[in-house]
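Residues in the sequence shown are numbered from 1 upward in steps of one, following the numbering used here.
One structure below.
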Amino acid sequence: MTAVLALDQGTTGSTALVVAQDGRILGRGYREITQHFPEPGQVEHEPEEIFRKTIEAAKDALQQAKVVPQALGITNQRETICVWDRNTGQALYRAIVWQDRRTAGRCARLAASPAGARIRRRTGLVLDPYFSATKIEWLQEHVRGLRKRVRDGDAVFGTIDTWLLFRLTNGATFATDHTNASRTMLYDIDARAWDADLLRLFKVPVHALAEIRASSGAFGTCGGEHLGTELPITGVAGDQQAALFGQGCWRTGQAKNTYGTGAFLLLNTGGKRPASKHGLLVTVACGPTGAPAYALEGSVFIAGAALQWLRDGLGLITRAAESEQLAREVPDTGGVVFVPAFVGLGAPHWESRARGTIVGITRGTRKAHLVRAALEAMAFSTKEVLDAMTADAHLRLAALQVDGGAAANDWLMQFQADLLGVPVARPDVVETTALGAAGLAGLAAGVWRRPEEFLAGREFRRFTPGPDAAAVRARQPEWSRAVAAALHWAAAGR
């Protein structure tokens, strides 16, 4: 049977799907990865664990599927940066995760300097610790002897896709794609190449960065010792661009929101670079053939991770899936509003010093109120981003396509539709990120001739605004006041 293996290396774990030519999911695998928080505001992963858990998830999926795929596609958490020995393939430090805030001071100084406007113009990004450049700079300043090793060509940097490619191909491929490169703050979004001025600013030699390739094409061969057989790697994309592709949002004006660790809303703007005056990012997307296009993006740093915190940090739930039942147990949040700014606020605020805020707690507050407030936070954050996107793009969405783990929550999707006032469309398979990677790989490998083929037979459930919609939308000012409290905390800390 003709099929494609897709590896989705995310912030909280690695997922693998085996996708048949007719679109059926033949096998699934998943492994959670350990989160490390060495200091407040710092988030790290072990690169070796990432690789090992990704391989384990892939083996599980292949064992279920009982087929040999024709190709392999990779999608990944973006901005997270690894550094490793180019000769041995061994990691030289933990991966600094996209959520990490350790370079906030450096970003603030750059933003206030003449370089700030130039960086925004060249990259389409705002100066924030979210992106890779200041992480690379920090590593060279704090890891003993690393700067010399980088200068000598013995150590290299890469986003997670590059790390996985290097290890899967046993060092034969040192590459990335345009979507991942566009998130480093070292990439000229118009020239679609590494930017020499930015490399000098952040002191990164170009030989320490991967070759940039199209998202759908040749990326080398996965060694047979890893998955039991050699597999051509023919697709690579950052997770949110892969989800946009996997949702079939290939044309101008189509948008999707992914509810994962964070929430990420992308609007395809086609071949024209958009401009944002409302706190959004300009990024590279994948067109219908996998060729680069442009998109507006709103990045919310914490979404599903708030439920993970309620589970692991407070012990209020044992599984994220419990949140739906708890949300239905109460008619509202009892006045509680939860702004989960654990690592600052992303779009449209971009305040790295903001911190999580729970307001409105009384003696009557119960577990269900807190859990419901965490779910509502995902919806209100999405509304803020969509409002900014509507203002920038001068359009109103007819519907919002959704995916990601939290999109499986029916209560949340209905609340989101009520809040936005437009239908929310959820596909039957919510692992759209992995499907996008499969599509990009399968198109390059000839599994599908046209992008429409790999989405054939997909079904959607539509959540339409209900009778409670007006009451839900009337609570937006309450959310805005809570966000103001989180921002006030940031201002008070200056």
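Built from N, CA and C at the ideal position, the CB exists for glycine as well.
All of these numbers come straight from a predicted model, not from anything done at the bench.
The three-state reading of DSSP puts His142 in helix, counting H, G and I together. It is roughly 18 Å from the alpha-carbon of Lys272 to the alpha-carbon of Arg396. In this structure, the alpha-carbon of Asn268 lies about 45 Å from that of Gly364.
For Glu225, the enclosing alpha helix (DSSP H) begins and ends at Gly224 to Leu227. At the C-beta level, Leu5 and Ala16 come within 8 Å of one another. Annotated as distal: Ala441 and Ala214, with beta-carbon spacing of 8 Å or more.
Counting only the Cα atoms, Val336 lies some 18 Å from Gln416. With contacts defined as CB atoms closer than 8 Å, Gly356 and Gly304 fail to qualify as a contacting pair.
Comparing C-alpha distances from Gly404 to each of Thr433, Gln140, Ala58 and Ile361 shows the shortest one belongs to Thr433.
A Cβ-Cβ distance of about 7 Å is found for the pair Thr184 and Thr159, placing them in contact under the 8 Å criterion. Bounds of the beta strand (DSSP E) holding Cys82 are Ile81 to Asp85. Within the model, the alpha-carbon separation for Lys203 versus Arg106 is close to 14 Å. When secondary structure is reduced to three states using DSSP, Asp403 falls in the strand class. Taking a C-beta distance under 8 Å as the contact criterion, Gly421 and Ala469 qualify as a contact pair. Excluding the 5 residues flanking it on each side, Ser216 has same chain C-beta neighbours closer than 6 Å at Gly235, Gly290, Leu440, Leu443 and Ala444, in chain order. Contiguous beta strand (DSSP E) elements confined to the stretch 21-87 occur at 25-32, 71-76 and 81-85, taking only those with 3 or more residues. DSSP places Gly287 outside both helix and strand once states are collapsed to three, so it counts as coil. Taking C-alpha positions only, Arg120 is separated from Leu127 by approximately 7 Å. At a Cβ-Cβ threshold of 8 Å, Ala58 and Leu26 do not count as neighbours. In the displayed model, Arg213 falls within a strand according to three-state DSSP.
Residue state for Ser299 is assigned as strand, using DSSP reduced to three classes. If the five residues before and after Ser299 are omitted, its C-beta is found closer than 6 Å to the C-beta atoms of Phe264, Gly346 and Ala347, all from its own chain and listed in chain order. For Gly313, no alpha helix (DSSP H) encloses it, and the DSSP letter there is neither H nor E. Burial is judged here by how many other beta carbons sit within 10 angstroms of a residue's own beta carbon; Gln325 has fewer than 16 and is exposed. For Phe219, there is no enclosing alpha helix (DSSP H), as DSSP marks it with neither H nor E. Pro427 has Phe460 as its beta-bridge partners, per DSSP. Beyond the five residues adjoining it in sequence on each side, Gln99 comes within less than 7 Å, by CB distance, of Val43, Phe301 and Val343 in the same chain, given in chain order. Listed in chain order, the beta strand (DSSP E) elements of length 3 or more contained wholly in the stretch 344-419 are 357-359 and 400-403. Listed in chain order, the non-local C-beta contacts of Glu384 below 7 Å within the same chain comprise Pro348, local neighbours out to five positions each way being set aside. DSSP places Leu7 in the strand class (E or B) of the three-state scheme. The alpha carbon of Val67 has as its nearest neighbour, out of Arg24, Arg94 and Asp177, the alpha carbon of Arg24. For Asp177, the closest of Leu314, Glu211 and Thr221 by C-alpha to C-alpha distance is Glu211. In the DSSP assignment, Ile119 falls within the alpha helix (DSSP H) that extends over Ala115 to Thr123. Relative to Phe338, the option among Ala373, Val143, Asn170 and Ala155 whose CA is nearest is Ala373. Close CB contacts of Val424 within its chain, under the 6 Å cut and outside five residues either way in sequence, are with Leu400, Val402, Met413, Gln416, Ala417 and Phe463 (chain order). For Leu201, the closest C-alpha among the options Pro38, Trp448 and Arg122 is that of Arg122.
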